[in-house]
Amino acid sequence: MLTIQNLKSKIAQSPYQAYVYSYPHKTAYRPISPPVYLSELWAQQDIQALFLYIHIPFCEMRCGFCNLFTTVSHNEDFMSQYVRTLQRQAQRMKAVLGDASFARFAIGGGTPTQLPIQHLETILNIAESTMGAKLQEIPISVEVSPETATEDKLKLLRSHAVDRVSIGVQSFIDSEVLATQRRQSTTQVEATLTRIKEMGFPTLNIDLIYGLPGQTVNTWLQSIQATLRFQPEEIYLYPLYVRSLTGLGRTDREWDDIRLACYREGRSLLLSEGYTQVSMRMFRRLEEGQGGQGGQGRQGRNISPLSPPSPVYCCQADGMIGLGCGARSYTNTLHYSNEYAVGAKGISEILQAYIQTADESFDYAHYGFQLNAEEQRRRYILLSLLSDEGLNCASYRQQFGSEVCADFPEFSELLALNLAIKEEDTLQLTEFGIERSDTIGAWLFSEKVQELMQDYELK
1 MLTIQNLKSK
11 IAQSPYQAYV
21 YSYPHKTAYR
31 PISPPVYLSE
41 LWAQQDIQAL
51 FLYIHIPFCE
61 MRCGFCNLFT
71 TVSHNEDFMS
81 QYVRTLQRQA
91 QRMKAVLGDA
101 SFARFAIGGG
111 TPTQLPIQHL
121 ETILNIAEST
131 MGAKLQEIPI
141 SVEVSPETAT
151 EDKLKLLRSH
161 AVDRVSIGVQ
171 SFIDSEVLAT
181 QRRQSTTQVE
191 ATLTRIKEMG
201 FPTLNIDLIY
211 GLPGQTVNTW
221 LQSIQATLRF
231 QPEEIYLYPL
241 YVRSLTGLGR
251 TDREWDDIRL
261 ACYREGRSLL
271 LSEGYTQVSM
281 RMFRRLEEGQ
291 GGQGGQGRQG
301 RNISPLSPPS
311 PVYCCQADGM
321 IGLGCGARSY
331 TNTLHYSNEY
341 AVGAKGISEI
351 LQAYIQTADE
361 SFDYAHYGFQ
371 LNAEEQRRRY
381 ILLSLLSDEG
391 LNCASYRQQF
401 GSEVCADFPE
411 FSELLALNLA
421 IKEEDTLQLT
431 EFGIERSDTI
441 GAWLFSEKVQ
451 ELMQDYELK
């Protein structure tokens, strides 16, 4: 239950208890019995503004803070098997969806550019030729790394209309990077960023992490200043979370908690440099005349003014199609995926099972979370409230036929604790509330989701 005592106690703690970016959390997923037939599931959905996501689980190294579903134990033969399996999955999913429309597309991981260039091109062709995504008309984002964003791969991405490149730099201080078990050098990072800028991608996103071993507020600000030299359209400031089964999580060291000071100083610097804050983590630089669409608009695209407008994806209301072993798919009533692991053994077992999956098995959801009416409301609220758009009560009313304050009267405590303000018909987080986004997000989790997360045994 959402209570003021519960929220007050949470707010008094560190803001960095758990990373909240979606709902329900993947550790709340469980085996589905009997499996859900996807043709029947997606027949009940609006499929005219879907998000297509393809997951590539390969990296050149395992960062000490990483708890993503990714592996460094691979060779080109294994990558080939993975891509062929993804192609088989895409063919079955296209048969399920029929004439669907995609409003945006992303390739994540892992590191997609870890793939050999011929496999990376196959992934792009799967999106366009197999799934029917109109790559020349929709926002496309691809994650890269300093070691793998080579000139030939970047040229390939631009030739397929990729308009957003996201790169995890984390720090421009070599000693801080080394402490996270990354091999990159600042010289290499700067060369890669220069290469990306020269390629003319409309949107460059750079990820940085605060709270790293040996980091100070001053060195953190040095990394942000180094980032600003490349004028990225987007910057994500991530707090370090030390999680179980990760490299840093296996150490016995105590963590000096400078994260809140780093966040505040970093936020102040970016705002002074003309960036706007979209969420606790995301900052965007808006140029004159630049459109929205999450910083991933169709700038520079050769689109006829007579062309019909592309559909716009809304994360609160529209579905996601996830392809690949670590991808998740979202409908309004069911979120589903493969199983999840962090340890090398668990990841290897899940990847092997994925590659050996029979074609017919891709027609079913075997693992996930069913969203009842309450869970659907909670997800809508969480995704809205944690962004700069805020929770529009009229949109909520239109979506669910009820009043948000009647469904969740405890929301008044957000106002009482100066975590949110209500202007007209929209509830928005205050500056204090934004920096406590992860706390507020976790506070919104249902008892059922919290119990499932607590009972989850991490592999």
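For the sequence shown, the residue numbers in the numbering used here are 1 to 459. Note that CB positions come from ideal geometry on N, CA and C, so glycine has one too. Note that this is a predicted model, so its numbers are computed, not measured.
Report the residue from the options whose alpha carbon sits nearest the alpha carbon of residue i.
i                 : options                        : result
tyrosine 354      : Ile321, Pro57, Val217          : Pro57
glutamate 198     : Asn218, Gln188, Gln184, Leu154 : Leu154
phenylalanine 152 : Ser171, Ile138, Glu128, Glu121 : Contrary to the premise, residue 152 reads as aspartate rather than phenylalanine in this sequence. Cα-wise, what sits closest to aspartate 152 is Glu121.
glutamine 370     : Lys10, Pro31, Pro15, Gln356    : Pro31
lysine 10         : Arg436, Glu447, Lys459, Gln454 : Arg436
arginine 158      : Pro146, Gly168, Pro139         : Pro139
aspartate 257     : Phe230, Gly214, Ser279, Leu221 : Gly214
cysteine 59       : Ala327, Arg92, Thr148, Glu137  : Thr148
aspartate 359     : Val36, Glu40, Tyr29, Leu86     : Leu86
threonine 186     : Pro146, Asp388, Asn338, Ala344 : Pro146
asparagine 372    : Glu431, Gly110, Thr111, Ser446 : Ser446
proline 311       : Thr130, Glu137, Ser39          : Glu137
leucine 124       : Glu457, Leu323, Asp425, Ser395 : Leu323
Evaluate residue i with the Cβ neighbour count: other Cβ atoms within 10 Å of its Cβ, from every protein chain shown; 16 or more gives buried, anything less gives exposed.
i                 : result
proline 232       : buried
glutamine 118     : exposed
glycine 368       : buried
proline 34        : exposed
glutamate 374     : exposed
arginine 104      : buried
glutamate 451     : exposed
alanine 95        : exposed
glutamine 316     : buried
glycine 289       : A caution first: glycine 289 carries a pLDDT of 45, below 50, which makes its placement in the model too unreliable to give a value.
phenylalanine 201 : buried
cysteine 262      : buried
Tell me which residues share the same chain as residue i and place their Cβ nearer than 7 angstroms to its Cβ, disregarding the 5 neighbours each side in the sequence.
i             : result
serine 141    : Ala106, Arg164, Ser166, Gln296
arginine 465  : Residue 465 lies beyond the stretch modelled for the chain, which goes from 1 to 459, so this question has no answer here.
alanine 179   : Leu212, Pro213, Gly214
leucine 382   : Tyr23, Gly441, Leu444
aspartate 388 : Gln277, Val278, Ser279
threonine 430 : Asn418, Leu419, Ala420, Ile421
CA-CA distance, residue i and residue j?
i              : j             : result
glycine 300    : leucine 237   : In this prediction, glycine 300 has a pLDDT of 39, which is less than 50 and means its spatial position is unreliable; what the coordinates show is noted afterwards. Cα-Cα distance, rounded: 27 angstroms.
arginine 397   : glutamate 403 : 6 angstroms
threonine 113  : asparagine 75 : 14 angstroms
isoleucine 303 : leucine 156   : Residue placement at isoleucine 303 cannot be trusted, given a pLDDT of 43 that sits under 50; the coordinates are not used to answer.
arginine 229   : threonine 194 : 10 angstroms
leucine 115    : valine 177    : 23 angstroms
arginine 267   : lysine 26     : 29 angstroms
glutamine 44   : glycine 319   : 11 angstroms
glutamine 184  : aspartate 77  : 26 angstroms
isoleucine 217 : valine 342    : Reading off the sequence shown, one finds valine at residue 217, where the question assumed isoleucine. Roughly 30 angstroms separates the two Cα atoms.
glutamate 265  : arginine 281  : 13 angstroms
threonine 333  : tryptophan 42 : 10 angstroms
isoleucine 321 : alanine 90    : 10 angstroms
glutamine 225  : aspartate 207 : 13 angstroms
Spatial neighbours of residue i within its chain, please: C-beta separation below 6 angstroms, excluding the five flanking residues on both sides.
i             : result
threonine 276 : Arg284
leucine 135   : Glu128, His160, Ala161
glycine 346   : Lys459
tyrosine 313  : Ala49, Phe51, Ala103, Arg104
Given 7 angstroms as the limit, tell me if residue i has its C-beta closer than that to any heavy atom belonging to the ligand GTP.
i             : result
glutamate 349 : The model depicted lacks the ligand GTP and carries no ligand whatsoever.
At 3 residues or longer, and completely inside the region 327 to 413: list those beta strand (DSSP E) runs for me, N to C. 328 to 330, 334 to 337, 364 to 370
Taking the runs of the beta strand (DSSP E) that are 3 residues or longer, which of them lie wholly in the region 83 to 141? 102 to 109
Note down, one range per segment and in chain order, each beta strand (DSSP E) of at least 3 residues found wholly within the region 162 to 225. 164 to 170, 203 to 210
Can you list the alpha helix (DSSP H) stretches of 4 or more residues lying completely in the region 8 to 68, in chain order? 38 to 43
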